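One structure below.
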Amino acid sequence: MRQNSAEHSVESLTAWLAERFAGYARRAVEDIDPRRPFADYGLDSVGAVSLAADIEDRFGVEIDAEEMWNHPTPAALGELLAGKLVGA
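If you count the sequence shown from 1, you need to add 8 to reach the numbering used here.
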């Protein structure tokens with residue numbers, strides 16, 4: 009699925025990631041601080057793999073375990089994803 013550039017902004021990607029992650033964390037999206045590490049909310053390796061699969065399904069971009077580890081917040085992961093989508 010192709011999205012327009014507005015859907016590829018860091019802000020929109022961060023919001024999408026926070027929304028997806030909120031489901032895995034079993035929290036309201038309003039409770040997710042995009043600058044707070046996923047681990048603070050209890051994300052485990054299964055959740056990280058699931059979130060990476062969601063990213064690949066939605067955007068056709070692979071995020072590996074090392075990238076998840078090096079981008080441990082919705083905001084950081086949103087920046088990484090935006091950069092990958094620009095190059096896609």
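Even glycine gets a Cβ: it sits at the ideal position worked out from N, Cα and C. Computed from a predicted structure; not experimentally measured.
Under 7 Å between C-beta atoms of residue i and residue j
| i | j | result |
| --- | --- | --- |
| residue 81 | residue 43 | yes |
| residue 37 | residue 26 | yes |
| residue 30 | residue 40 | yes |
Proximity to residue i [Cα-Cα], best of the options
| i | options | result |
| --- | --- | --- |
| residue 94 | 46, 73, 78 and 68 | 68 |
| residue 32 | 41, 45, 50 and 91 | 50 |
Contact belief for residue i with residue j at Cβ below 8 Å, rounded distance in angstroms
| i | j | result |
| --- | --- | --- |
| residue 22 | residue 83 | 5 Å |
| residue 56 | residue 76 | 5 Å |
First through last residue of the alpha helix (DSSP H) which encompasses residue i
| i | result |
| --- | --- |
| residue 65 | 53 to 67 |
| residue 29 | 18 to 33 |
| residue 50 | That residue, residue 50, is in no alpha helix (DSSP H); it is neither H nor E in DSSP. |
Proximity test, Cβ basis, 7 Å: residue i and chain D
| i | result |
| --- | --- |
| residue 58 | This model lacks chain D altogether, as it is built from one protein chain only. |
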